[in-house]
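Following: one structure in structure tokens, then a few remarks.
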DNA sequence: TTTCGCTTAAAACATCCGTTTGAATTTCAA
DNA sequence: TTGAAATTCAAACGGATGTTTTAAGCGAAA
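Protein chains in written order, with UniProt numbering: chain A, 1 to 217; chain B, 1 to 217.
So this is what it looks like as structure tokens:
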């Protein structure tokens, strides 16, 4: 196994890298669709045009492959984010809030890998898998860190920690809901299809609601 | 099979009813814990102290049993609700909003069957199962109907349908998030344990946020 | 009491799962 | 070119799943 002997220099052939990459790509799609437990190695290797044993050979097993997917997912999400923690503090609270919502609602129209990554996290929010728990135990997810940063721009400095936590969670899950439920919302009775224009309207609505609430609509 | 011959009068012994009820009760717990696909017939029958074949005999299979659970769940949720659509219109918008949030955050402290039912719906919100889709295709879930009713108390009558939908979804999923994530939120780094007092504070916070938004905290 | 249909029971069925095996193949440095 | 390591492959393993089968147990009517 590759992972078991990282100390000595190993010759990694070109085709091996291709197989690894194909497995990760296929695993991302499969885990996004079926979750960790529901995503089978057979389906992954089938889509990657690879042998079943390749998962064990390259990643030490299904769990190792999933860890790799999570690693790529978080890294990509961090890089593709145009909203950094510093950016939050540099802008006005209103702008920061709007940018935050726009950032995490973007997958609604950009149906690419980023959407798959968020779908994996959506699965984990319902039934956290053991690999995922170990993964996020080290550092909290970016979306929560950013949400807390935005929230702190609004709350007074002496706000109770519990209030900060409630409010952060409240804000963090607002865009996650729409991304996770995108497929269901596209069907009746909601029938919400998102394009650039309707995304802007959704960002407007959520920004207004988060900012001034229902009473001031 | 019972379900296959509903027309003619059937003699149903006492133990048969007991087995049926035990299966539904056990299935509710198992499906709430593992979801539809992940909940196994063996585990259900084991907890119900019944034979595996009983599921096929009484319900025609796993899917039939799940349909029965969904039926009981929705009925119970309708009955145990102290907030009816008429109640929403009878109260002030602010009161209606607060009652709505309180209603659907109640499972945080009342860890009974109702909580299991909401957990099942939480599973379905990530990966809707075929039986569930067929089930809700007839009528939208109560929580959405109530949320829309509350939202309409705030929005002007000539508000665009899309805005109403956005706002309804925004409101509906706020309590669902906390109920679904209760177990995770109880662990670090959040460590939120809910009792009657903290539930009241959460209701207060969410009501305030939904009503007046972040800017007026 | 006998009989018949409803109900339960244990076992086996076919299929899927993640993983392991051991040989065949490919790769690359010597 | 050679040989050892890296990689792939088909097959099988042990276990879990939903379902079916076959037989036995049971209650009430004849």
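C-beta atoms are modelled at their ideal positions from N, C-alpha and C, and glycine is treated no differently. In this text the structure is predicted, and so the values were computed from the model without any measurement.
Quick one: is residue 3(B) near chain A, going by C-beta distance under 8 Å?
Position 3 of the second chain, counted from the start, is the residue given in the question as residue 3(B). Caution applies to residue 3(B), whose pLDDT of 42 falls short of 50 and renders its modelled position unreliable; the value that the coordinates give is listed next. Not one chain A Cβ lies under 8 Å of residue 3(B).
Pairs of beta-carbons, one from the region 58-68 of chain B and one from the region 140-151 of chain B, closer than 8 Å: are there three or more?
Result no; under three Cβ-Cβ pairs closer than 8 Å.
Quick check: the region 105-114 of chain B against the region 193-204 of chain B, are there 3 or more CB pairs under 8 Å?
Note that the region 105-114 of chain B touches the region 193-204 of chain B; at least 3 beta-carbon pairs, one per stretch, sit closer than 8 Å.
Report buried or exposed for residue 125(B), applying the criterion of at least 16 other Cβ atoms within 10 angstroms of its Cβ.
Position 125 of the second chain, counted from the first residue, corresponds to residue 125(B). With 16 or more neighbouring CB atoms inside 10 Å of its own CB, residue 125(B) falls in the buried class.
Measure from the C-beta of residue 197(A) to each C-beta in chain B and report whether the shortest distance is under 8 Å.
Locating residue 197(A) in the first chain gives position 197, where the first residue counts as 1. Interface with chain B (8 Å Cβ-Cβ cutoff): residue 197(A) is excluded.
Kindly indicate if chain A contains any beta-carbon less than 8 Å away from that of residue 125(B).
Here residue 125(B) refers to the residue found at position 125 when the second chain is read from its first residue. Interface with chain A (8 Å Cβ-Cβ cutoff): residue 125(B) is included.
Beta-carbon of residue 38(B) versus every beta-carbon of chain A: anything under 8 Å?
What you label residue 38(B) is simply residue 38 of the second chain in a count that begins at 1. Residue-level contact check: residue 38(B) touches chain A, since one or more beta carbons of chain A fall below 8 Å from its beta carbon.
Using CA atoms only, rank isn't needed, just tell me which of 151(A), 25(A) and 85(A) is closest to residue 68(A).
In the first chain, the residue the question calls residue 68(A) occupies position 68. Considering only 151(A), 25(A) and 85(A), the residue with the shortest C-alpha distance to residue 68(A) is 25(A).
Determine, using beta carbons only, whether residue 213(A) and residue 210(B) come nearer to each other than 8 Å.
As a working mapping, residue 213(A) is identified with position 213 in the first chain. As a working mapping, residue 210(B) is identified with position 210 in the second chain. The answer is yes: Cβ separation under 8 Å.
Would residue 65(B) pass as a contact of residue 22(B) if the rule is Cβ separation under 8 Å?
Here residue 65(B) refers to the residue found at position 65 when the second chain is read from its first residue. Here residue 22(B) refers to the residue found at position 22 when the second chain is read from its first residue. Result no, Cβ atoms of residue 65(B) and residue 22(B) do not sit closer than 8 Å.
Just how far apart, CA to CA, sit residue 206(A) and residue 54(B)?
For the purposes of this step, residue 206(A) is identified with residue 206 of the first chain, where counting begins at 1. For the purposes of this step, residue 54(B) is identified with residue 54 of the second chain, where counting begins at 1. Cα-Cα distance, rounded: 49 Å.
Considering just the uninterrupted stretch of the alpha helix (DSSP H) at residue 75(A), what are its terminal residues?
As a first step, residue 75(A) is located in the first chain; it is residue number 75 there, counting from the start. Taken as a continuous stretch (DSSP letters only), the alpha helix (DSSP H) holding residue 75(A) covers 62-80.
For the alpha helix (DSSP H) that residue 141(A) lies in, which residues bound it at each end?
Taking the first chain and counting its residues from 1, one reaches residue 141(A) at position 141. In this chain, residue 141(A) is not harboured by any alpha helix (DSSP H), its DSSP state being neither H nor E.
Option nearest residue 191(A) by Cα separation, candidates 80(B), 157(B), 165(B) and 99(B):
Locating residue 191(A) in the first chain gives position 191, where the first residue counts as 1. With distances taken between Cα atoms, residue 191(A) lies closest to 165(B).
Distance, residue 39(B) Cα to residue 203(B) Cα:
Working through the second chain from its first residue, we reach residue 203(B) at position 203. Working through the second chain from its first residue, we reach residue 39(B) at position 39. Roughly 33 Å between the two C-alpha positions.
From 75(A), 156(A), 18(A) and 185(A), pick the residue whose C-alpha is nearest to that of residue 170(B); which is it?
Here residue 170(B) refers to the residue found at position 170 of the second chain. The shortest Cα separation from residue 170(B) among 75(A), 156(A), 18(A) and 185(A) belongs to 185(A).
From which residue to which residue does the alpha helix (DSSP H) around residue 206(A) run?
Sequence index remark: in the first chain, residue 206(A) carries index 206 (1-based). In the DSSP assignment, residue 206(A) falls within the alpha helix (DSSP H) that extends over 196-212.
Quick one: is residue 118(B) near chain A, going by C-beta distance under 8 Å?
Numbered from 1 along the second chain, position 118 holds the residue referred to as residue 118(B). For residue 118(B), not one C-beta of chain A is nearer than 8 Å to its own C-beta.
Could you work out which residue in 132(B), 159(B) and 180(B) is closest to residue 36(B) when comparing CA atoms only?
In the second chain, residue 36(B) corresponds to position 36, counting from 1. Nearest of 132(B), 159(B) and 180(B) to residue 36(B), Cα basis: 132(B).
Kindly say whether residue 200(A), judged by its beta-carbon, lies nearer than 8 Å to any beta-carbon of chain B.
Mapped onto the first chain, residue 200(A) falls at position 200. For residue 200(A), the answer is no, since every Cβ of chain B falls outside 8 Å of its Cβ.
Give the interface partners of residue 35(A) over in chain B, defined as CB-CB distance under 8 Å, in chain order.
Residue numbering aside, residue 35(A) sits at position 35 when the first chain is read from its first letter. Within chain B, the residues near residue 35(A) are 126 and 127.
Using only the alpha-carbon positions, how far apart do residue 32(A) and residue 45(B) sit?
Residue numbering aside, residue 32(A) sits at position 32 when the first chain is read from its first letter. Residue numbering aside, residue 45(B) sits at position 45 when the second chain is read from its first letter. Distance from the CA of residue 32(A) to the CA of residue 45(B), rounded to the nearest whole angstrom, comes to 31 Å.
Please tell me whether residue 167(A) has its Cβ less than 8 Å away from any Cβ of chain B.
Taking the first residue of the first chain as position 1, residue 167(A) is located at position 167. Output row for residue 167(A): interface = yes.
How many whole angstroms separate the CB atoms of residue 194(B) and residue 215(A), which I take to be in contact at a CB cut-off of 8 Å?
Counted from its first residue, the second chain places residue 194(B) at position 194. Counted from its first residue, the first chain places residue 215(A) at position 215. About 27 Å separates the two Cβ atoms, so there is no contact after all.
Select from 93(A), 161(A) and 118(A) the residue whose C-alpha is nearest the C-alpha of residue 142(A).
In the first chain, counting from the first residue as 1, residue 142(A) sits at position 142. With distances taken between Cα atoms, residue 142(A) lies closest to 118(A).
In chain order, which continuous runs of the alpha helix (DSSP H) of length 4 or greater are located wholly inside the region 94-174 of chain B?
The qualifying runs are 113-126, 130-136 and 142-154.
Looking at the secondary structure, which residues open and close the alpha helix (DSSP H) in which residue 53(B) lies?
The count along the second chain starts at 1 and reaches residue 53(B) at position 53. Looking at the DSSP string, the run of the alpha helix (DSSP H) that includes residue 53(B) is 52-59.
Confirm, please, whether the CB-CB distance from residue 77(A) to residue 135(A) is below 8 Å.
For the purposes of this step, residue 135(A) is identified with residue 135 of the first chain, where counting begins at 1. For the purposes of this step, residue 77(A) is identified with residue 77 of the first chain, where counting begins at 1. Between residue 135(A) and residue 77(A), the gap from beta carbon to beta carbon reaches 8 Å or more.
Chain A contact residues for residue 181(B), given Cβ-Cβ distances below 7 Å
Position 181 of the second chain, counted from the first residue, corresponds to residue 181(B). Correct list: 125.
Name, please, each residue of chain A whose Cβ falls closer than 8 Å to the Cβ of residue 98(B).
Here residue 98(B) refers to the residue found at position 98 when the second chain is read from its first residue. For residue 98(B), there are no neighbours in chain A by C-beta distance under 8 Å, as the nearest C-beta there is about 12 Å away.
Within 8 Å of any Cβ in chain B, is that where the Cβ of residue 87(A) sits?
Here residue 87(A) refers to the residue found at position 87 of the first chain. Not an interface residue.
Less than 6 Å between C-beta atoms, sequence neighbours within five positions excluded: which residues of the same chain meet that for residue 99(A)?
Mapped onto the first chain, residue 99(A) falls at position 99. Contacts found: 83.
Does the beta-carbon distance from residue 96(A) to residue 179(A) come in below 8 Å?
What you label residue 96(A) is simply residue 96 of the first chain in a count that begins at 1. What you label residue 179(A) is simply residue 179 of the first chain in a count that begins at 1. Cβ distance not < 8 Å, so residue 96(A) and residue 179(A) don't count as in contact.
Please compile the residues from chain B whose C-beta is within a distance smaller than 9 Å of the C-beta of residue 162(A).
The sequence position of residue 162(A) within the first chain is 162, counting from 1. Against residue 162(A), the close residues of chain B are 192, 198, 201, 202 and 205, in the order they occur along the chain (beta-carbon pairs closer than 9 Å).
List, in chain order, every chain A residue whose beta-carbon is nearer than 7 Å to that of residue 174(B).
Numbered from its first residue, the second chain carries residue 174(B) at position 174. Ordered by position in chain A, the residues that pass the 7 Å Cβ test against residue 174(B) are 170.
For residue 78(A), verify whether its CB is less than 7 Å away from any heavy atom of the ligand FAD.
With respect to the ligand FAD, the structure shown offers nothing to examine, as it has no ligands at all.
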